[in-house]
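What follows is a single structure, written as structure tokens, with notes after it.
There are 2 protein chains.
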Amino acid sequence: MTDEAQSAGSREKILEVAEALFARRGFAGVGLREVAETAGLGKSSLFHHFRSKVQLYFDVLGRALGRIEARLLPTLAGGGEPMARLDRAVDTMIDSLAEQPATARLLLRSIFEDDDFAPDPIPEAEPAERALEAMIAGLEALLRDGVTCGAFRPVSARHMVQTLIGATVYHFASGDFGEQLVGGSLFSADEVRRRKDEVKSLLHHGLAATAPVPTGG
Amino acid sequence: MTDEAQSAGSREKILEVAEALFARRGFAGVGLREVAETAGLGKSSLFHHFRSKVQLYFDVLGRALGRIEARLLPTLAGGGEPMARLDRAVDTMIDSLAEQPATARLLLRSIFEDDDFAPDPIPEAEPAERALEAMIAGLEALLRDGVTCGAFRPVSARHMVQTLIGATVYHFASGDFGEQLVGGSLFSADEVRRRKDEVKSLLHHGLAATAPVPTGG
DNA sequence: GTCTATACTACGATAGAC
DNA sequence: GTCTATCGTAGTATAGAC
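In the order they appear, the protein sequences are chains A and B. Throughout the first sequence, residue numbering follows this note's numbering, covering 6 to 222 in sequence. Throughout the second sequence, residue numbering follows this note's numbering, covering 6 to 222 in sequence.
This is how it looks when you write it as structure tokens:
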């Protein structure tokens, strides 16, 4: 094994460990000492792989977002009726979040912590931001298309995106609270399937244009 | 003004300042020095009012949850058809979150950070936890009642609670990201009304038992 | 590429003067 | 009730040996 391969191995290990820790305790709550030692290195060795803590954080975040983007964009690009495409998008989002339990919390935290770094634009954050924007734009376009072609009710695409994020990312980020609420692991195969069904059936009934409904508010 | 009144004034000021800071940067991201100086005191003076940082945090959290609980529980206790009661509950939740912009983020962060303190049970957290549990139990009961009496589709009450939290708390906690997405302040009167309408109409169409819908998954 | 040693700063918390 | 001073620890980051 060459030095190069060793370096890549260390880098990957650090990213793995840091992702779990940043997800669990947030940017400010994690020390580089803990990251390094959990990865099996001394504290100073981190700076050989990452210029700073901020760089490490956004590399972790960009990697996680990239994993989801690589699955969601092709799904969104596929054809079919709007509701079928939305079903596939929900399945893909939930699969992506459920397969790696740290991801949802990392993502949701990043939404809160981004404007904490606010002072400067932070160039390190750009890959992560572009991945996020691409996914949001794709979802918004799907919803907008569904509305304009008459498949969906005339909802606000942007508000529906927020609702979708809440129904997927928040749910899998809710940790102990969520597990106490649903009464078991959020990440078991049964519960993941259950979540998909609940979200999709809410959308089928709540978003489809065919529904009559008496209304009352 | 007596010493006692001065003390109460300082205590309130500290709680206010700390709520804004904990909401913006989380427990680990806030230093007591910054809290104290923003409140107009020296760092050490905080410890006269709060035994520790943990105590301050949970006092802040319990106060915020208590504010919402005091409005939501009476709303939930009111009579009427399940869908009308749910409408009122959504209005109350959104009003409570929208009137004080720090609240939603503080609450959502607390869901993540609670299992960060995990090692010990933390007695300071109990008032906050009881308020949260009371609200969740009330919402869950309302949804369960609606299902059993046939007003709602046979959804999982627990999953629907998660979806409701995502649609309300997450939305108003989404900060810069959410504002970029909806294209303006989340807290303007227009946007708050818009959010209420979008959430309630999704529930009217998606939760009501009357809906037919062809289904497809 | 990893290590030890170190610089500098900030942290939470306490002691004791006023 | 607020202050200054201080303790002990841990934070990010750098320098330089190996």
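In this text, a Cβ means the ideal position worked out from N, Cα and C, and glycines have one as well.
I think residue i touches residue j, with their Cβ atoms under 8 Å apart; what is that distance to the nearest whole Å?
i: residue 213 of chain B; j: residue 88 of chain B; result: 6 Å
i: residue 76 of chain A; j: residue 115 of chain A; result: That pair is no contact at about 18 Å.
i: residue 211 of chain B; j: residue 211 of chain A; result: 2 Å
i: residue 176 of chain B; j: residue 200 of chain B; result: 6 Å
i: residue 95 of chain B; j: residue 204 of chain B; result: 6 Å
i: residue 22 of chain B; j: residue 43 of chain B; result: 5 Å
i: residue 147 of chain B; j: residue 81 of chain B; result: 6 Å
Per DSSP, residue i is paired with what?
i: residue 123 of chain B; result: Partner(s): none; residue 123 of chain B has no beta bridge.
i: residue 44 of chain B; result: Residue 44 of chain B is not bridged to any residue.
i: residue 213 of chain B; result: B:157
From this set, the options, which residue's C-alpha is nearest residue i's C-alpha?
i: residue 104 of chain A; options: A:20, A:186, A:174; result: A:174
i: residue 140 of chain A; options: B:194, B:202, B:186; result: B:186
i: residue 74 of chain A; options: A:162, A:147, A:135; result: A:135
i: residue 71 of chain A; options: A:124, A:170, A:45, A:131; result: A:131
i: residue 46 of chain A; options: A:17, A:31, A:60, A:27; result: A:17
i: residue 55 of chain B; options: B:42, B:28, B:19, B:44; result: B:19
i: residue 151 of chain B; options: B:80, B:91, B:62, B:29; result: B:91
i: residue 62 of chain A; options: A:30, A:85, A:206; result: A:30
i: residue 170 of chain B; options: B:133, B:144, B:34, B:32; result: B:144
i: residue 191 of chain A; options: A:206, A:207, A:172; result: A:172
i: residue 149 of chain B; options: B:40, B:86, B:27, B:37; result: B:86
i: residue 193 of chain B; options: B:39, B:40, B:123, B:106; result: B:106
i: residue 27 of chain A; options: B:206, B:160, B:34; result: B:34
i: residue 161 of chain A; options: B:207, B:37, B:38; result: B:207
Under 8 Å (Cβ pairs) to chain B, residues found in the stretch 177-196 of chain A: For the stretch 177-196 of chain A, which is checked against every Cβ of chain B, the residues closer than 8 Å are 178, 179, 180, 181, 182, 183, 186, 187, 188.
Cβ pair count under 8 Å reaching 3, the stretch 172-183 of chain B against the stretch 110-128 of chain A: Yes, the stretch 172-183 of chain B touches the stretch 110-128 of chain A.
Segment contact, 8 Å Cβ cut-off, at least three pairs: the stretch 105-112 of chain B with the stretch 64-72 of chain B: Counting Cβ pairs under 8 Å, three or more are found: they touch.
Contact set between the stretch 23-41 of chain A and chain B, restricted to residues whose Cβ is under 7 Å from the partner: Going along the stretch 23-41 of chain A in chain order, one finds 29, 30, 31, 33, 34 with a Cβ nearer than 7 Å to chain B.
Chain A contacts made by the stretch 104-130 of chain B, where a contact means CB separation under 7 Å: Listed in sequence order: 110, 114, 116, 117, 119, 120, 121.
Segment contact, 8 Å Cβ cut-off, at least three pairs: the stretch 137-154 of chain B with the stretch 48-55 of chain B: Touching, no.
Meets three-Cβ-pair contact criterion under 8 Å: the stretch 156-167 of chain B and the stretch 149-163 of chain A: Because the criterion of three Cβ pairs below 8 Å is not met, the stretch 156-167 of chain B and the stretch 149-163 of chain A do not touch.
Contacting positions in the stretch 127-158 of chain A - beta carbon closer than 7 Å to chain B: Correct list: 141, 158.
Chain A contacts from the stretch 44-75 of chain B (Cβ-Cβ distance under 9 Å): Flagged: no residues at all.
Residues of the stretch 158-171 of chain A with Cβ closer than 8 Å to any Cβ of chain B, in chain order: Listed by position along the chain: 158, 160, 161, 163, 164, 165, 166, 167, 168, 170, 171.
Residues within the stretch 204-218 of chain A neighbouring chain B, beta-carbon criterion of under 9 Å: Those residues of the stretch 204-218 of chain A that come within reach of chain B (Cβ to Cβ, closer than 9 Å) are 204, 205, 206, 207, 208, 209, 210, 211, 212, 213, 215, 216, 217, 218.
Residues from the stretch 88-100 of chain B in contact with chain A, defined by Cβ distance under 8 Å: Contact annotation: in the stretch 88-100 of chain B, residues whose CB is within less than 8 Å of a CB in chain A are 88, 89, 92.
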